[in-house]
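In this note's numbering, the protein residues as written are 26 to 618.
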């Protein structure tokens with residue numbers, strides 16, 4: 026295992042990257058961003074080439090190795106596979122699911138599917154499968170489908186010609202062979218539930234009537250995912266080689282790319298010393314992959330491919346404690362490069378657990394990648410994460426941790442000299458308190474719920490409601506504004522997706538106005554952060570409040586809603602022009618001060 030003794034000791038005694046909860050949460054309340062380090066996947070030596078091709082965008086982006094050497098192009102990347110080969114176990118992935126075909130001639134019978142299942146059971150034995158049947162011109166049947174290769178007794182077929190012979194002999198020896206002739210063959214195989222679910226969905230898309238070994242109809246993608254995830258998974262006893270891991274490190278949109286790249290470089294050098302690795306920075310400015318293809322993400326991030334085994338023979342240990350340590354080290358390196366970043370724990374913010382790559386599948390890559398769950402529990406987990414719902418962990422150990430976090434937020438709220446910081450801390454203390462005492466989710470209004478799965482008109486109404494939300498800008502924190510901004514962008518994306526050709530001009534108008542409003546709110550937030558009063562620029566808002574002077578709550582002008590419901594373009598342009606002039610005047614006054 027990877028030797029982390031010295032590092033763990035430094036974290037325990039408070040040195041190194043570890044910082045107290047008080048320090049971390051106070052920093053986040055003041056605007057620091059969380060450290061995001063994700064273990065995306067593992068891979069065997071055979072997959073290294075495709076993984077490198079992905080992170081380098083087909084060799085178009087530069088890749089840097091552990092020695093600081095820059096690699097460019099497919100040829101240089103291809104040589105890495107050979108350079109790293111001595112560190113790989115090169116274990117063969119298990120053959121979990123096989124694609125089969127059976128040519129059948131029946132002597133008669135009324136229930137065709139019952140007869141087909143009888144034939145398949147005689148050949149496959151105690152195995153799970155799904156199939157479809159096609160009647161040929163000569164009256165014979167062609168059966169195609171997928172079968173779990175491991176039986177309930179532990180025998181694993183290899184899904185090749187040898188396995189087909191074994192299945193054929195079993196069928197020929199059965200009583201069913203006297204009533205029907207069947208020729209079994211295998212056409213391929215794959216590893217894991219992802220392969221099985223994907224292939225089963227493809228089969229459903231191509232054929233009308235797909236059934237499982239119990240005769241149940243598999244009518245749609247959800248049913249296919251549920252069958253593989255819930256019923257087949259435990260039958261597979263899947264084995265996959267772990268020679269390398271794919272790690273993703275992310276920063277907030279607007280983070281300096283050069284500084285972040287330096288932080289990533291230092292993180293990898295410290296955390297994976299002795300291991301072979303490469304990394305590549307994905308910056309929207311230089312990403313050759315278009316948005317429609319899943320590229321040019323708005324936030325800077327880096328992909329790293331790291332060998333699990335070091336040159337000394339140690340293997341990386343991946344546990345929750347390890348992942349926490351990674352975030353601590355990444356935050357430390359980011360701060361060294363001038364980026365305000367902290368390690369955070371989801372229990373401190375009542376955020377839901379992340380969904381894993383096996384729990385979802387991507388259905389759209391244009392803009393932010395959209396997924397659907399591979400099962401009902403997975404869909405619920407995905408929905409909770411994407412919606413930003415507040416979820417409090419319920420284990421006894423987590424409850425103790427949450428109580429400590431609750432007390433910390435309370436101390437920050439009481440002792441903060443800044444009203445914005447105090448409000449942020451009080452809000453998060455409230456989230457935790459609500460969850461602990463009531464077992465509830467977030468307070469009403471902390472999440473904007475909108476149904477984006479309907480038509481253009483309902484999406485338009487959702488955007489109008491978001492932009493018309495009368496949020497007190499004196500109380501809105503930067504994290505809240507950024508969440509609001511992200512919600513608006515998501516709504517615009519869904520509006521564009523649902524727009525018909527005749528709606529295009531209307532969408533462009535609404536999109537332009539929505540971003541104008543978001544920009545206006547951003548400027549109001551920046552003015553508040555600089556401590557300037559929106560009215561006369563002489564006293565801070567807090568000074569006026571302390572003096573008993575009322576500070577009006579800014580509310581969106583009526584023009585916001587009117588423009589979004591189709592009022593005249595001239596009114597909209599007049600309003601936007603006036604807002605631009607006012608912003609120009611405010612900028613001029615700011616410079617004069």
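Where a beta carbon is used, it is the ideal one built from N, C-alpha and C, also for glycine. Since this is a predicted model, take the numbers as computed values, not measurements.
Asked: Helix or strand or just coil, what does DSSP make of residue 249?; Found: helix
Asked: With residue 440 as the anchor, note down where its alpha helix (DSSP H) starts and where it stops.; Found: 421-440
Asked: Here's a check: name, in chain order, each residue in its chain whose Cβ is nearer than 6 angstroms to the Cβ of residue 300, leaving out the five neighbours to either side.; Found: 331, 332, 335
Asked: Nearest by alpha-carbon distance to residue 175: which of 215, 199, 206 is it?; Found: 215
Asked: Tell me where the beta strand (DSSP E) around residue 90 begins and ends.; Found: 88-90
Asked: With a 10 Å radius around its C-beta and 16 neighbouring C-beta atoms as the bar for buried, classify residue 43 as buried or exposed.; Found: buried
Asked: Could you check how far apart the C-beta atoms of residue 415 and residue 435 are, in whole angstroms? I think they sit under 8 angstroms.; Found: Not really, about 17 angstroms apart at Cβ, beyond 8 angstroms.
Asked: In the structure shown, what three-state DSSP assignment does residue 194 receive?; Found: helix
Asked: Note down, in chain order, each residue of its chain lying with its Cβ closer than 8 angstroms to the Cβ of residue 110, except the 5 sequence neighbours on either side.; Found: 70
Asked: To the nearest whole angstrom, what separates the beta carbons of residue 373 and residue 430, a pair I think is in contact under 8 angstroms?; Found: 4 angstroms
Asked: So residue 189 and residue 210 are in contact, right, with Cβ under 8 angstroms, and what is the actual spacing, rounded?; Found: 5 angstroms
Asked: In the DSSP assignment, the beta strand (DSSP E) including residue 626 goes from what residue to what residue?; Found: Absent from the model: residue 626. The displayed extent of the chain is 26 to 618, so no value can be given.
Asked: Using DSSP with H/G/I as helix, E/B as strand and the rest coil, what is residue 368?; Found: coil
Asked: Check whether the segment 156-170 and the segment 116-131 touch, using three or more Cβ-Cβ pairs below 8 angstroms as the test.; Found: yes
Asked: Between the alpha carbons of residue 426 and residue 370, how many angstroms are there, rounded?; Found: 10 angstroms
Asked: Excluding the 5 residues flanking residue 220 on each side, which residues of the same chain have their C-beta closer than 8 angstroms to its C-beta?; Found: 121, 122
Asked: Where do the N-terminal and C-terminal ends of the beta strand (DSSP E) with residue 168 fall, by residue?; Found: 166-173
Asked: Using CA atoms only, rank isn't needed, just tell me which of 182, 102, 323, 272 is closest to residue 78.; Found: 102
Asked: Quick one: residues in its chain with C-beta nearer than 6 angstroms to the C-beta of residue 359, no 5 flanking neighbours on either side, listed in chain order?; Found: 288, 366
Asked: So, are the CB atoms of residue 274 and residue 355 less than 8 angstroms apart?; Found: yes
Asked: Less than 8 angstroms separating the beta-carbons of residue 147 and residue 199?; Found: yes
Asked: What number of angstroms, rounded off, separates the C-alpha of residue 547 from the C-alpha of residue 539?; Found: 12 angstroms
Asked: Run the CB neighbour count on residue 445, radius 10 Å, all protein chains shown included, and call it buried at 16 or more, exposed below.; Found: buried
Asked: I need the straight-line Cα distance from residue 329 to residue 203, nearest angstrom please.; Found: 59 angstroms
Asked: Here's a check: name, in chain order, each residue in its chain whose Cβ is nearer than 7 angstroms to the Cβ of residue 232, leaving out the five neighbours to either side.; Found: 157
Asked: Under 6 angstroms Cβ to Cβ from residue 159, same chain only, skipping five residues before and after it: list those, please.; Found: 167
Asked: Looking at residue 545 and residue 532, is the spacing between their C-beta atoms short of 8 angstroms?; Found: no
Asked: Give the DSSP-derived three-state secondary structure of residue 623 in the structure shown.; Found: Because the chain is modelled from 26 through 618, residue 623 falls outside the range shown and cannot be assessed.
Asked: Which ranges does the beta strand (DSSP E) cover as unbroken runs of at least 3 residues, wholly within the segment 42-102, from first to last along the chain?; Found: 61-68, 88-90
Asked: Would residue 448 pass as a contact of residue 502 if the rule is Cβ separation under 8 angstroms?; Found: yes
Asked: Thinking C-alpha only, which one of 553, 552, 513 is nearest residue 541?; Found: 513
Asked: Anyone know if the C-beta pair for residue 249 and residue 208 falls short of 8 angstroms?; Found: no
Asked: Could you tell me the alpha carbon to alpha carbon distance between residue 309 and residue 433, rounded to whole angstroms?; Found: 37 angstroms
Asked: Determine the direct distance from the alpha carbon of residue 307 to that of residue 57, and round the result to whole angstroms.; Found: 22 angstroms
Asked: Measure the Cβ-Cβ separation of residue 72 and residue 87 and say whether it is below 8 angstroms.; Found: no
Asked: Can you look up residue 182 in the DSSP assignment and give me helix, strand or coil?; Found: coil
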